[in-house]
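There are 2 protein chains.
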Amino acid sequence: MTQIADTKFKREAKRGSHDFNQACQVLDAGKVCHVGFTLQDQPYVVPMAYARLDDQLLIHGSVASRLMKSLASGIRCCVTVTHYDGLVYARSTFNSSMNYRSVMVFGIARPITDIDEKRSSIQALVDHLMPGRRLELRKSTIKELNATSLLALPIETFSCKRRTGPPSDSKSDLDAKVWAGVVPLELTAGEPVDAPDLLPGITRPDYL
Amino acid sequence: MTQIADTKFKREAKRGSHDFNQACQVLDAGKVCHVGFTLQDQPYVVPMAYARLDDQLLIHGSVASRLMKSLASGIRCCVTVTHYDGLVYARSTFNSSMNYRSVMVFGIARPITDIDEKRSSIQALVDHLMPGRRLELRKSTIKELNATSLLALPIETFSCKRRTGPPSDSKSDLDAKVWAGVVPLELTAGEPVDAPDLLPGITRPDYL
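From first to last, the protein sequence lines stand for chains A and B.
Here my numbering is used: the first residue of the first sequence is 1, the next is one more, and so on.
Here my numbering is used: the first residue of the second sequence is 1001, the next is one more, and so on.
In structure tokens form, the structure reads like this:
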């Protein structure tokens, strides 16, 4: 693929990086990405579950979905993963900000058609999205595999960006009599909810 | 604007809606959107803070940012807001899923240039992102307003999608001896962290 995505940092370059390991850390900490693609000059941005497998991002969907069919046709995409880590309360509106970690991966996704690679890719997805779950579930049937479209996007052309730490106020604002600091944010799991048709005697697994 | 974004639901139509109030509920519950736009055939998806003001989405950034300059030039964009509400543990890999609420807004954003509208838009952003904060902060200076680019995207062409509730298993899987249910997820605020240079005697405000 010719690299045309422009991943240079125009602004706040200190917040940017092209380090693969840093990108992997951000990617591995998330489960939902936003996939951007363009059809007839109109951009679309669709939330999708994903997993990283080595140097590829895996996404999956129905073979009937427009998103999957479009991406599989070889059009360019951008997959962005963002963790929203906190609200940064500065002493001015102008310097108020957010803490975040974000990775954008650019490229053309490759359809995964080989049945063994399909199976191993689905396993990687389940292991990432629901760790510990896979060994409890029956094997996917051929019919299910055929109904599932899988794509692999190489993590080659990418950029990471992040903001961390306390507010950066202008010197002239430092004596303002107003609280300043950060409110950290985190996606947290609540108490599991049993399915209404759960068989009697089945308890919640340890991996939850 | 000629409407070219295709917002018809191809699949899982029962999860979709074009209801304005439902879109507003989803938009008002979030603070970070993903903005998609296309430059030279390459899609970009960038996380941004946003607020809804009536029937417009407001986003802001530096006048120097490529994103803001590109969007202000009148290119089409898609702004997507997603809440990742839970992991859905079905009895098969195939029916495993996620609960979410999501809105995609399509269109061309209008640059806000009038200084009074700029000021009121910034106020709307602060009120949404940091409720209760605005009255404590000094007024934005003209210099700050001039350094801030603001865009308004009409909430006219949009679609909502969501999945809620327990897993939907195939009948043939219902007797599998495996737990099924939902693990709810929520973005939660942690204990505020004072700025290291906080003036002595300033305590945390009630709105945190």
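Built from N, CA and C at the ideal position, the CB exists for glycine as well.
Because the structure is a prediction, the values reported are computed rather than measured.
Own chain, CB closer than 6 Å to residue i, minus 5 neighbours either side, in chain order
| i | result |
| --- | --- |
| B:LYS1014 | none |
| B:ASP1173 | ARG1091 and SER1092 |
| B:GLY1074 | ILE1108 |
Residue i versus residue j - alpha carbon distance
| i | j | result |
| --- | --- | --- |
| B:ALA1072 | B:PRO1111 | 5 Å |
| A:CYS33 | B:GLU1136 | 36 Å |
| A:MET1 | A:ALA109 | Confidence at A:MET1 is low in this model, with a pLDDT of 41, below 50, so its placement is unreliable and the value that follows should be read with caution. Whole-angstrom Cα-Cα distance: 11 Å. |
| A:TYR89 | A:ILE142 | 53 Å |
| B:VAL1026 | B:SER1159 | 11 Å |
| A:GLU12 | A:HIS18 | 14 Å |
| B:THR1114 | B:ASP1055 | Strictly speaking, residue 1114 of chain B in this sequence is Asp, with Thr absent from that position. In a straight line, the C-alpha of B:ASP1114 is about 18 Å away from that of B:ASP1055. |
| B:VAL1126 | A:VAL63 | 42 Å |
| A:THR188 | B:PRO1205 | 24 Å |
| A:GLU191 | B:ASP1169 | 21 Å |
| A:LEU53 | B:HIS1128 | 37 Å |
| A:PHE37 | A:LYS171 | 43 Å |
Neighbour flag for residue i against chain B, beta carbons, 8 Å
| i | result |
| --- | --- |
| A:GLU117 | no |
| A:SER70 | no |
| A:SER149 | no |
| A:LEU87 | yes |
| A:HIS34 | yes |
| A:SER96 | yes |
| A:ARG138 | yes |
CB contact flag (residue i, residue j, <8 Å)
| i | j | result |
| --- | --- | --- |
| B:ARG1084 | B:ARG1163 | In the sequence under discussion, the amino acid at residue 1084 of chain B is Tyr, which differs from the Arg named in the question. No, the pair does not count as a contact, with Cβ atoms beyond the cut-off. |
| B:PHE1106 | B:THR1157 | yes |
| B:LEU1198 | A:GLY181 | yes |
| A:ARG66 | B:GLN1042 | no |
| B:VAL1035 | A:CYS78 | no |
| B:ALA1124 | B:LEU1058 | yes |
Test: residue i CB closer than 8 Å to a CB of chain A
| i | result |
| --- | --- |
| B:LYS1177 | yes |
| B:THR1093 | yes |
| B:GLY1074 | no |
| B:PRO1200 | no |
| B:PRO1211 | In the structure as shown, chain B starts at 1001 and stops at 1208, and residue 1211 of chain B therefore has no counterpart that could be examined. |
| B:ALA1152 | no |
| B:MET1001 | Legend: pLDDT at B:MET1001 = 41, less than 50; position of this residue unreliable, value from coordinates given subsequently. Chain A, which has no Cβ nearer than 8 Å to the Cβ of B:MET1001, makes this no. |
| B:VAL1026 | no |
| B:ALA1005 | yes |
| B:ARG1204 | yes |
| B:CYS1156 | Rather than Cys, the amino acid found at residue 1156 of chain B in this sequence is Glu. Chain A, which has no Cβ nearer than 8 Å to the Cβ of B:GLU1156, makes this no. |
| B:ARG973 | Outside the displayed span of chain B (1001 to 1208) sits residue 973 of chain B, for which this structure offers no information. |
Beta-carbon contacts of residue i that lie in its chain and below 7 Å, excluding the five residues immediately before and after
| i | result |
| --- | --- |
| B:THR1082 | TYR1100 and SER1102 |
| B:PRO1154 | ASP1055, GLN1056 and GLY1107 |
Chain-order list of residues whose beta-carbon lies under 8 Å from that of residue i (same chain, five-residue window excluded)
| i | result |
| --- | --- |
| B:PRO1131 | TYR1207 |
| A:LYS118 | ILE112, LEU145, THR148 and LEU150 |
| A:ASP194 | ARG204 |
Listed by chain order, chain E residues near residue i by CB distance under 7 Å
| i | result |
| --- | --- |
| B:CYS1160 | The structure shown contains no chain E; its protein chains are A and B. |
Name the residues in the segment 101-131 of chain A whose C-beta lies less than 9 Å from a C-beta of chain B; which are they?
Within the segment 101-131 of chain A, the residues whose Cβ lies closer than 9 Å to some Cβ of chain B are SER102, MET104, PHE106, ILE122, GLN123, LEU125, VAL126, LEU129 and MET130, listed in chain order.
Using a Cβ-Cβ cut-off of less than 8 Å, give me the residues of the segment 1037-1066 of chain B that come near chain A, in sequence order.
The residues in question are PHE1037, THR1038, LEU1039, GLN1040, ASP1041, GLN1042, PRO1043, TYR1044, VAL1045, VAL1046, PRO1047, ALA1049, SER1062, ALA1064, SER1065 and ARG1066.
Compile a chain-ordered list of the residues in the segment 181-200 of chain A whose CB is closer than 8 Å to at least one CB of chain B.
Within the segment 181-200 of chain A, GLY181, VAL182, VAL183, PRO184, LEU185, GLU186, LEU187, THR188, ALA189, GLY190, GLU191, PRO192, VAL193, ASP194, ALA195, PRO196, ASP197, LEU198 and LEU199 place their CB atoms closer than 8 Å to a CB of chain B, listed in sequence order.
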